[in-house]
Amino acid sequence: MKIFKRLTALFCTGGMLLMSAPHCVLTSHAAQTVKLSPDNTFTINNGEFEGWGTSLCWWANRLGYSDSLAQQAADVFYGDEGLRLNIARFNIGGGDDPSHNHITRTDSNMPGYTKYSNGKITYDWSADANQRNVLMRSIQAAGDDMIVEMFSNSPPYYMTKSGCSSGSADAKSNNLKDDQYDDFARYFAEVCYHYQHDWGVKIQSAEAMNEPYTNFWKANSYKQEGCHFDQGSSQSTMIVELQKAMRDKGMGDVILCGTDETSIDTQISSFNKLSNDAKKAIGRIDTHTYGGSKRAELKNIALSNGKNLWMSEVDSSGTAGTNAGEMSAALWLAQRITTDVNDMNASAWIMWQVIDSHISKNGYNGRKDTGMVDTQKGYWGVAVANHDANKIVLTKKYYAFGQYSRYIRPGMIMLNSSGNTVAAYDPETGQIVAVSYNTSGSSADITFDLSDFAEVGSTANAIRTSKNENWKNVGTINLNGKTLNATLPGNSITTFVIEGNGSIGGNEIKVQADKLSGSDSWKQNADTDFHKAFDGDNATYFDGTRVGWVQADLGAVYDLSALAYCPRQNYEYRMVDGYFEVSMDGTDWQSIHTISENPTFAMHKVKLEKPITARYIRYAVPEGKPRNSYNTNDVYCCNVAEIKLYGTLNPETSFTKLAPEATSGTDSWKQQEGYNYGKAFDGDTATYFDGVGAGWVQAGLGKICELNAIAYTPRKGYEARMVDGYFSVSEDGTSWQTVHTIGRMPTSDTQTVMLDASVKARYIRYAVPEGKPNNGVNTDDVYCCNIAELAFYGAVLPNAVISNTIKVEYSEKYHQVRFTWDKVEGADRYGIAVYLAGKWRVQAQNITGTVYTSPKNLTPGKKYRVAIAARVNGKWDTANAIKHSGTVTIR
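In terms of mature numbering (1 follows the signal peptide of the UniProt record, and there is no 0), the sequence shown is residues -30 to -1, 1 to 861.
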């Protein structure tokens, strides 16, 4: 995921230089208030956004003959300086009867991948070269965020009842022959397999139907391929057969989607009428939004069935705004994106086709192109391909799309919003992005209430598209505390990018699965046990019974600042009177929150009045019959879908502070003693090490210790200099292992990092990379090593000694142990014995030196009790050997 690097790059590339833009401060009296909170996120896909995209059908088929136009298209739609789309819906054409000549559009006569002659079918992998040319270049432009979905409009003509890939004779009946469902599924799967295994296209998802329950698809249509599938049995059979075919090709991990109906309301009924097997086969609901209005209902259906939800196709020649001129089509698009994304909680939004019109005096394949669109009115697509001039013409609708797609990026968490705003935050960088439009002819004031965020920056960057502006950086807006006041000019779309902290008070605490415990689930079903409450998926749940509970051992002591919970869908009432309690020792418990109202199916986040110190946290329900008006069950049942915890590690309580015996580092700025490396260890956060390029500061602990946590305090006012800085450890001062990298700008307070796993260390170093920073927050010419204070926490390890004279060395690489001991006077032999199955068993007894190395590849984690005996004057001193025996653990 390249969220941070690619987002911040927008402010320092391609004519959008923030540093060179004139500074302006936008202020106004707020008329509309939008509250954004990390407490209130989308529920689909746990709020995580997957991206923006377009179908490649049909425009890529039309312009892919030209490498120049194909590359331009990849750059302006998928590249960093363009829309930065990351989803491509690739059309697997069925292919019409070669004798037919009824499709008159220049772009929509999609080729199939087979040739049919006298009942014999052969594959032609040279087919569809144009669309493939655009796809390959788009994948390269989008990089590792790219998602490819394969979809079909129609089976090959020879599998249809009408013998035509544009539809059936009456447009209201199934066109795929009754005995060809499996054949079509195999055709579709074969093409997918070839793209993935022969051409290296990673396919995320697949859909074999397109707007199936409509009367659009009639034989000999002038427009395109299409195929009707009745709701219920026909659509279900197609899905199940496709699942079988994909599995047969070894592509069972590809997500199957359904059913891409043209209308939201039709999508609801089509899904509801699927067989149970078909519903299980589908991993995501894809819908178009050309018609219908029941977005919230479709969202709830997706949630109740544990499905993701995409808005997979829409466009229109619609307009919006007030005497908006060129902005009228752009504002329609802004309205549609906002409505679809917010009301459906869609985790992706995909335009039908970004180019719908082409300019060419010669036309294509004997057909005429439609020419340039009237940009003062509504039109389909966001750009026009001018084949005569060899260029892509961009419209205001294109720039409107980019106000969203360039800044709300894959991996961001979508925030519930209101009115004319779409918003998200980046859990990795803490950035908050809000996109708002104004369709009135005059300016409108807007206020963003960010009070629920733990940290926000002092300014917001504003980027705008309006009548005379395209993605213009219009300067910065000063925040008033955690409030952003701004003005939206008439007929405009503005994106606000705000530095912040996505948490609600402390970082999210990661709970390890082996640290969970709880009561039995209903019928002791492993699919609904207590682990489901911490698996990060709101669609799964803990189905506990009476007097049920689920408990997490945090592995260390934390200062808890907040908690969050999501009820089991359709059983939300069972959480009323449920309570959270904490403990330091797992025995004495303190209640910290009781759920008093019937919650909705969403994450509910509770900010504690003050931090509470604890190692264990438990959610439980009372005994007996419910004593509230919401729950009519006979007993309280412990049902919860998800729990999240927030806070900061309390290292002083959890671990021993490891005091350095020696410190070292690179030179300070101008070699000033008042800012040298020793200031990072003087216990005073007001002093600091002011290191220069490629600098570092190091602590020597004097002995090998177990390191569990690192605390660091940035130099105040220079926090950005710590981004990309890293901590590494070494046992010998030569071989180093990086254990933590600072990924986002810290606050000026002390930050404590608990390592994912404890490490052995004698030396600990903080360093910065070489060269010029490229992280979007550090604008220095080179990385500078600035830090106010460092502290380390863990445990001092005992010397690896079996007796007073015997030492142990471990090899993690070869999983073996080496013993070294002092020479025993008069000894001519030494022996090694291991205590196994209740007896001492001799492993070696003809050792003449004072070193013994075990065999390789012993079992890591296995413990052995070992004794070393000496033979003096022909006698073995077994008594002292056993007396001084010790235990070693293989690493």
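For glycine and all other residues, C-beta sits at the position ideal for the given N, C-alpha and C.
Assuming residue i is part of the alpha helix (DSSP H), what are its boundary residues?
{"i": "Gly372", "result": "Lys366 to Ser375"}
{"i": "Tyr151", "result": "Tyr151 to Tyr163"}
{"i": "Lys214", "result": "Ser203 to Asp218"}
{"i": "Val605", "result": "Element bounds for Val605: n/a, residue is neither H nor E."}
{"i": "Met32", "result": "In the sequence on display, residue 32 carries Arg and not Met. First-last of the alpha helix (DSSP H) with Arg32: Trp29 to Leu33."}
{"i": "Thr623", "result": "Pro621 to Ser624"}
By the DSSP assignment, the beta strand (DSSP E) with residue i in it spans what residues?
{"i": "Glu676", "result": "Trp666 to Thr683"}
{"i": "Gln166", "result": "Element bounds for Gln166: n/a, residue is neither H nor E."}
{"i": "Phe47", "result": "Note, Phe47: premise wrong, no beta strand (DSSP E); alpha helix (DSSP H) at Asp37 to Tyr48."}
{"i": "Val311", "result": "That residue, Val311, is in no beta strand (DSSP E); its alpha helix (DSSP H) goes Met297 to Met314."}
{"i": "Arg102", "result": "Premise fails: Arg102 lies in the alpha helix (DSSP H), Ala99 to Ala112, not in any beta strand (DSSP E)."}
I need the straight-line Cα distance from residue i to residue j, nearest angstrom please.
{"i": "Asn843", "j": "Lys833", "result": "33 Å"}
{"i": "Asp235", "j": "Asn540", "result": "22 Å"}
{"i": "Ala159", "j": "Asn123", "result": "15 Å"}
{"i": "Arg811", "j": "Arg788", "result": "18 Å"}
{"i": "Leu55", "j": "Val324", "result": "11 Å"}
{"i": "Lys595", "j": "Val605", "result": "4 Å"}
{"i": "Leu578", "j": "Lys366", "result": "47 Å"}
{"i": "Asp798", "j": "Ile838", "result": "14 Å"}
{"i": "Asn461", "j": "Gly222", "result": "47 Å"}
{"i": "Thr257", "j": "Gln494", "result": "37 Å"}
{"i": "Lys347", "j": "Val546", "result": "54 Å"}
{"i": "Ala139", "j": "Ala189", "result": "5 Å"}
{"i": "Thr340", "j": "Ala664", "result": "59 Å"}
{"i": "Tyr374", "j": "Thr92", "result": "44 Å"}
{"i": "Pro684", "j": "Ser428", "result": "18 Å"}
{"i": "Asn756", "j": "Lys673", "result": "27 Å"}
{"i": "Ser700", "j": "Val858", "result": "22 Å"}
{"i": "Val520", "j": "His501", "result": "8 Å"}
Quick one: residues in its chain with C-beta nearer than 6 Å to the C-beta of residue i, no 5 flanking neighbours on either side, listed in chain order?
{"i": "Lys686", "result": "Ser718"}
{"i": "His164", "result": "none"}
{"i": "Asn356", "result": "Ile329 and Val363"}
{"i": "Met715", "result": "Glu689, Ala690, Val693 and Val747"}
{"i": "Gly82", "result": "Gly63, Gly64, Gly65 and Pro126"}
{"i": "Thr409", "result": "Ala290, Gly291 and Leu301"}
Name the DSSP beta bridge partners of residue i, please?
{"i": "Leu226", "result": "Ala176 and Ile252"}
{"i": "Asn431", "result": "Thr446 and Val467"}
{"i": "His258", "result": "Glu283"}
{"i": "Met120", "result": "Phe60 and Ala176"}
{"i": "Ile91", "result": "Tyr86"}
{"i": "Ser233", "result": "Gly261"}
{"i": "His574", "result": "Tyr535"}
{"i": "Met384", "result": "Ala394"}
{"i": "Asp419", "result": "Lys5 and Thr453"}
{"i": "Ala803", "result": "Val812 and Ala837"}
State yes or no: is the C-beta of residue i within less than 8 Å of the C-beta of residue j?
{"i": "Lys277", "j": "Asn315", "result": "no"}
{"i": "Ile817", "j": "Gly801", "result": "yes"}
{"i": "Tyr528", "j": "Pro621", "result": "no"}
{"i": "Trp319", "j": "Asp326", "result": "no"}
{"i": "Tyr589", "j": "Ile613", "result": "yes"}
{"i": "Ile117", "j": "Gln174", "result": "yes"}
{"i": "Lys826", "j": "His785", "result": "yes"}
{"i": "Gly411", "j": "Asn293", "result": "yes"}
{"i": "Val723", "j": "Ile680", "result": "yes"}
{"i": "Thr76", "j": "Arg32", "result": "yes"}
{"i": "Glu759", "j": "Ala650", "result": "yes"}
{"i": "Leu26", "j": "Asn360", "result": "no"}
{"i": "Asp9", "j": "Asp419", "result": "no"}
{"i": "Tyr616", "j": "Ala532", "result": "yes"}
{"i": "Ala840", "j": "Val794", "result": "yes"}
Leaving aside the five residues before and after residue i along the sequence, list all residues of the same chain whose C-beta is less than 7 Å from its C-beta, in chain order.
{"i": "Glu18", "result": "Ser317, Gly381 and Ile383"}
{"i": "Asp67", "result": "Tyr127, Gly133 and Cys134"}
{"i": "Glu676", "result": "Ser728, Lys730, Gly764, Ala765 and Leu767"}
Cutting at 8 Å between CB atoms, please list the residues of its own chain near residue i, excluding the five before and the five after it.
{"i": "Ser191", "result": "His72, Ile73, Ser136 and Gly137"}
{"i": "Thr289", "result": "Ser298, Ala299, Leu301, Trp302, Lys347 and Gly348"}
{"i": "Ser634", "result": "Tyr647, Val667, Gln668 and Gly670"}
{"i": "Arg337", "result": "Thr74, Arg75 and Thr76"}
{"i": "Phe(-27)", "result": "Note that Phe(-27) has pLDDT 38, beneath the 50 cutoff, so the model's placement of it is unreliable and the number below is only indicative. Taken in chain order, the residues that qualify are Asp396, Glu398, Thr399, Gln401, Gly713, Arg714, Asn745 and Gly746."}
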